[in-house]
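Written out below as structure tokens is the structure these notes cover.
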Amino acid sequence: MTEPLLTIRNLSVDYRIDTGRLQALRQINIDVPKGSIVGVVGESGCGKSTLISSIIRLLPHNASVSNGTIEFEGANLLDLSENEMRTMRGTRISIVFQDPMTSLNPVLSIEQQMTHIQYRDQRSTSDKLNKSLAMLESVGIADPRKRITQYPHEYSGGMLQRISIAMALQAQPSLLIADEPTTALDATLEVQIIHLLKDIQAEFGCSILFISHHLGVIAELCDYVVVMYAGEVVEQGTVRDVFHNPAHPYTQKLLECDPAGIQTKTRILPVIPGEIPDLVNLSGGCIFSSRCHCVLPDCETHIPQRREVTSGHSANCHLLSA
Amino acid sequence: MTDILQLKNVCVRFRIKSAMGALFDRTSPASFDAVRDASITLEEGQTLALVGESGAGKSTLALAITGLERIAEGSIQFEGREISQMQANEIREYRRGIGYMWQNAIGSLSPRMTVRSLITEPARIHRVPNVNTRELSSKLLDLVGLSEEFGDRYPHQLSGGQARRVGVARALALNPRLIVADEPTAGLDVSVQGEILNLLNQLQDELKISMLVITHNLNVVRHTSDKIAIMYLGRIVEQGDTAEIFSRPRHPYTLALLSASPSPDPDMQADRIELKGEIPSPINRPSGCEFHTRCPFVKETCSESPPPFEAVSESQALSCYFPR
Ligand SMILES: Nc1ncnc2c1ncn2[C@@H]1O[C@H](COP(=O)(O)OP(=O)(O)OP(=O)(O)O)[C@@H](O)[C@H]1O
Ligand SMILES: Nc1ncnc2c1ncn2[C@@H]1O[C@H](COP(=O)(O)OP(=O)(O)OP(=O)(O)O)[C@@H](O)[C@H]1O
Ligand SMILES: [Mg+2]
Ligand SMILES: [Mg+2]
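Rendered as structure tokens:
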């Protein structure tokens, strides 16, 4: 791995809820090397959005970071002041949220919003408008001049998604974080956005942290992949290593469940039996043991440590030390 | 088999309010068709998948079917009755019989309501008498595989997948005959996606619900739908049996769409038909076949006049002068 841009160490995040403390992230370790694209996959509710909110320090009020560091360009993001962090978000780190309406204001036109985020820029209004139009065009919005004056509700879901990508890219950040940016897009546009992200990455040399459920998109876009389950990282490595030789039973099951890999038509799709464990009352063992198809006695009593499968490919599973 | 839903030449028109449009281009029209000339049929107990480009008009068509968007032209018949001619009380009853799952699962849930009141809200909106909210919510939570504890949570306390289940529960609240699901599995991991689809399939088998599913995920379409309709720029460009279309896509856009889906194997080189050129806008439709500006197989005649939508086999129809 080359020089890291983002280094997350032992990150733990809790949510306070009525029934207690929900441990949404536990001892997370992730590296995003400079100029690389890192994908994050994992079951709904495994903490992907929480991870992103921690990095950009926009966690909800009932959340708290109980442990860990997030090193980015030499600073621990968790130590920055609100002001420093705000500047960081506007210039060095950009985000495309899962729900495009998170970053869009329903009562302002797209033009107003795209101009507003360029407020640090000294250029003329017409230059800013042209930049916005070019950005819209590059994410495939036709007729940008006519459309830019419209309001969010006048666009389709996928268009809003692309607009939020365009807005995130306007600042030319060194880290782009994207929370499922292609879920609302059809396959041809998805491929187009993947190529766009790859081009941007190549042109500006930025790194991308890319959250997606679409294993095919991860395979096509990313260099590395991090597999999460119920608040923990269970496996990570290059996409090729992890997808060709999954070491953790959860990763294996996840790959088996992908309908893209199922050739014959079926009305009953494979699933991983069982439920995600209760993150308020955690048992002492491996977090996946209740759903695992190859449990050992240790699995129910000891949390497995991270072990190397091959160089740069690791998994947290007792099978690796058995 | 009887048709539960039949759409004929449906158009949905939006006004363009923006003054800027008129300023830049005096020839630009005051309205445009987000859906144009769309005809589809859904047979009772079957699943029809509606796929197509972002902005193609899928959600708009779904809203028209549920009576939430007015149609400018054409007809929509539900069990043989024209919905535009229904009386107010009939419309209410009609809408009660449709379970609608919104595209944006979390955003469409009111943030101040608990899951319990959200999933039973349809009963209040439609003033269904004598509802035991507790009982109904427990039944619905159970149906969609959420534990009772979730009943007291608020939308922001749910993950995307959990919110989606709440959406399914809400759609099921009034025992619908037809479920219209807009992107029911977007944002779900493959295992939970499988669960939701198995759940919808199972509910369909048990309760004989017909379904219209809008999705971008072609793998979902392949495994769960009987029929498929492909939309481009507000029109249906190809329609037919799912298996048939997957084994032999005839319209060039369908071909491109099916070839685009990325494979989970990083070493599998996709053999893609890439679409070039800008995505046209429904405000400014291309001449002739509206796909000609991006079609990899375009010929001269394609830009001259629009190709008719014609059957090429008993169960497959499309609009293209040069089908594959
Ligand atoms: N504000 C909150 N208060 C309490 N619990 C929360 C809150 N936000 C998230 N959670 C819980 O924390 C866990 C992680 O949620 P998160 O949204 O990070 O998951 P995710 O991996 O992004 O899921 P998805 O793929 O469905 O978007 C879930 O169990 C969720 O219910
Ligand atoms: N209320 C509205 N007013 C004006 N234009 C609208 C309105 N709703 C939708 N549109 C326009 O109609 C077209 C079709 O939008 P629609 O939301 O139906 O697309 P879609 O196929 O569902 O796309 P996606 O896959 O991105 O959700 C788009 O050009 C959109 O901008
Ligand atoms: Mg999320
Ligand atoms: Mg839509």
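Keeping their order, the protein sequence lines are chains Y and C.
So for the first sequence, the numbering used here puts the first residue at 3; every next one is plus one.
So for the second sequence, the numbering used here puts the first residue at 1058; every next one is plus one.
Note that beta-carbon positions come from the ideal geometry of N, C-alpha and C, so glycine has one too.
Boundaries (first-last residue) of the beta strand (DSSP E) holding residue i
i: Gln25 (chain Y); result: 22-35
i: Glu310 (chain Y); result: 308-312
i: Met1325 (chain C); result: Counting along the chain, Met1325 (chain C) falls outside any beta strand (DSSP E), and DSSP gives it neither H nor E.
i: Pro6 (chain Y); result: 6-19
i: Ser1132 (chain C); result: 1130-1135
i: Cys1068 (chain C); result: 1060-1072
i: Tyr153 (chain Y); result: Where Tyr153 (chain Y) is concerned, there is no enclosing beta strand (DSSP E), given that its DSSP letter is neither H nor E.
i: Gly1124 (chain C); result: Note, Gly1124 (chain C): premise wrong, no beta strand (DSSP E); not H, not E.
i: Asn1232 (chain C); result: Neither: Asn1232 (chain C) is in no beta strand (DSSP E) and is coded neither H nor E.
i: Thr240 (chain Y); result: 234-240
i: Thr1098 (chain C); result: 1088-1100
i: Leu1167 (chain C); result: A small fix is needed here, since residue 1167 (chain C) is Ser in this sequence, not Leu. Segment: none, Ser1167 (chain C) is in no beta strand (DSSP E) and carries neither H nor E.
i: Ile1140 (chain C); result: It is not in any beta strand (DSSP E) - Ile1140 (chain C) carries neither H nor E in the DSSP assignment.
Residue i - containing alpha helix (DSSP H), residue span
i: Glu1150 (chain C); result: 1145-1153
i: Gly1224 (chain C); result: 1217-1229
i: Leu1256 (chain C); result: 1247-1264
i: Met137 (chain Y); result: 127-140
i: Phe1303 (chain C); result: 1299-1304
i: Leu1107 (chain C); result: First-last for Leu1107 (chain C): 1104-1109, but that is the beta strand (DSSP E), not the alpha helix (DSSP H).
i: Glu1192 (chain C); result: 1190-1200
i: Arg1181 (chain C); result: 1172-1182
i: His1280 (chain C); result: 1275-1281
i: Leu1429 (chain C); result: Beyond the ends of chain C as shown, which are 1058 and 1381, falls residue 1429 (chain C); an answer cannot be given.
heavy atom of ligand 3 below 7 Å from residue i C-beta
i: Asp181 (chain Y); result: yes
i: Gln1142 (chain C); result: no
i: Ser1248 (chain C); result: no
i: Gly1224 (chain C); result: no
i: Lys50 (chain Y); result: yes
i: Ser1023 (chain C); result: Past the edges of chain C, shown from 1058 to 1381, lies residue 1023 (chain C), and the structure says nothing about it.
i: Gln100 (chain Y); result: yes
Closer than 7 Å: residue i CB and nearest ligand 1 heavy atom
i: Leu1332 (chain C); result: no
i: Ile32 (chain Y); result: no
i: Gly44 (chain Y); result: yes
Residue i Cβ short of 7 Å to ligand 4 heavy atom set
i: Gln163 (chain Y); result: no
i: Asp188 (chain Y); result: no
i: Asp1239 (chain C); result: yes
i: Gln152 (chain Y); result: no
i: Gly1202 (chain C); result: no
i: Gly314 (chain Y); result: no
i: Gly159 (chain Y); result: yes
i: Lys1265 (chain C); result: no
i: Ser166 (chain Y); result: no
i: Ser1116 (chain C); result: yes
i: Gln114 (chain Y); result: no
i: Gln1160 (chain C); result: yes
Residue i CB to nearest heavy atom of ligand 2 below 7 Å
i: Gly1164 (chain C); result: no
i: His155 (chain Y); result: yes
i: Thr1190 (chain C); result: no
i: Pro1339 (chain C); result: yes
i: Ala1091 (chain C); result: yes
Within-8 Å CB hit, residue i to chain B
i: Pro1321 (chain C); result: Given the protein chain composition of this structure (Y and C), no chain B is represented.
Inset, instruction - Run through the stretch 1328-1372 of chain C for me and flag every whole beta strand (DSSP E) of 3 or more residues, listed as ranges in chain order. - result: none
Inset, instruction - May I ask you to list, following chain order, the residues of the stretch 118-145 of chain Y that have a beta carbon less than 7 Å from some beta carbon of chain C? - result: Gly142, Ala144, Asp145
Inset, instruction - Ignoring anything shorter than 3 residues or poking outside the stretch 163-221 of chain Y, list the beta strand (DSSP E) runs there in chain order. - result: The stretch 163-221 of chain Y contains these whole beta strand (DSSP E) runs: 177-181, 209-213.
Inset, instruction - Residues of the stretch 1234-1255 of chain C with a CB closer than 8 Å to any CB of chain Y: list them in chain order, please. - result: Glu1240, Ala1243, Gly1244, Leu1245, Asp1246, Val1247, Ser1248, Val1249, Gln1250, Gly1251, Glu1252, Leu1254, Asn1255
Legend entry - Where the stretch 250-273 of chain Y meets chain C: residues whose CB sits under 8 Å from a CB there: Hits within the stretch, in order: Lys255, Leu256, Leu257, Cys259, Asp260, Pro261, Ala262, Gly263, Ile264, Lys267, Thr268, Arg269, Ile270, Leu271, Pro272, Val273.
Legend entry - Short-range partners of chain Y found in the stretch 1332-1354 of chain C, where Cβ spacing is below 8 Å: Leu1332, Glu1335, Ile1336, Pro1337, Ser1338, Ile1340, Asn1341
Legend entry - Members of the stretch 1274-1307 of chain C near chain Y, C-beta cut-off 9 Å: Asn1274, Leu1275, Asn1276, Val1277, Arg1279, His1280, Thr1281, Thr1299, Ala1300, Phe1303
Legend entry - Stretch pair the stretch 278-294 of chain Y + the stretch 1089-1103 of chain C: three plus CB contacts closer than 8 Å: No, the stretch 278-294 of chain Y is not in contact with the stretch 1089-1103 of chain C.
Inset, instruction - Closer than 8 Å, Cβ to Cβ, to anything on chain C: give me those residues from the stretch 100-113 of chain Y, in chain order. - result: Gln100, Asp101, Met103
Inset, instruction - Any chance you could list the beta strand (DSSP E) runs of at least 3 consecutive residues sitting entirely within the stretch 53-127 of chain Y, in chain order? - result: 65-74, 95-98
Legend entry - Segment contact, 8 Å Cβ cut-off, at least three pairs: the stretch 58-71 of chain Y with the stretch 272-280 of chain Y: no
Legend entry - Segments assigned alpha helix (DSSP H), at least 4 residues, entirely inside the stretch 232-288 of chain Y: 241-246, 251-259
Inset, instruction - Select from the stretch 72-89 of chain Y all residues with a C-beta closer than 9 Å to any C-beta belonging to chain C, and list them in chain order. - result: Flagged: no residues at all.
Inset, instruction - Taking only beta carbons into account, state which residues of the stretch 167-188 of chain Y come closer than 7 Å to chain C, listed in chain order. - result: Glu182, Thr185, Ala186, Leu187, Asp188
Inset, instruction - Can you give me, in chain order, the residues of the stretch 217-228 of chain Y that have a beta carbon less than 7 Å from any beta carbon in chain C? - result: Leu217, Gly218, Val219, Ala221, Glu222
Inset, instruction - Kindly confirm or deny that the stretch 115-134 of chain Y and the stretch 156-174 of chain Y touch, where touching means at least three C-beta pairs closer than 8 Å. - result: yes
Legend entry - chain Y contacts made by the stretch 1205-1219 of chain C, where a contact means CB separation under 9 Å: Glu1206, Asp1209, Arg1210, His1213, Gln1214, Leu1215, Ser1216, Gly1217, Gly1218, Gln1219
Legend entry - Members of the stretch 1255-1273 of chain C near chain Y, C-beta cut-off 8 Å: Asn1255, Asn1258, His1273
Legend entry - Touching by the beta-carbon criterion (3+ pairs, under 8 Å), the stretch 221-234 of chain Y and the stretch 1311-1322 of chain C: The stretch 221-234 of chain Y and the stretch 1311-1322 of chain C touch, with no fewer than 3 CB-CB distances between them shorter than 8 Å.
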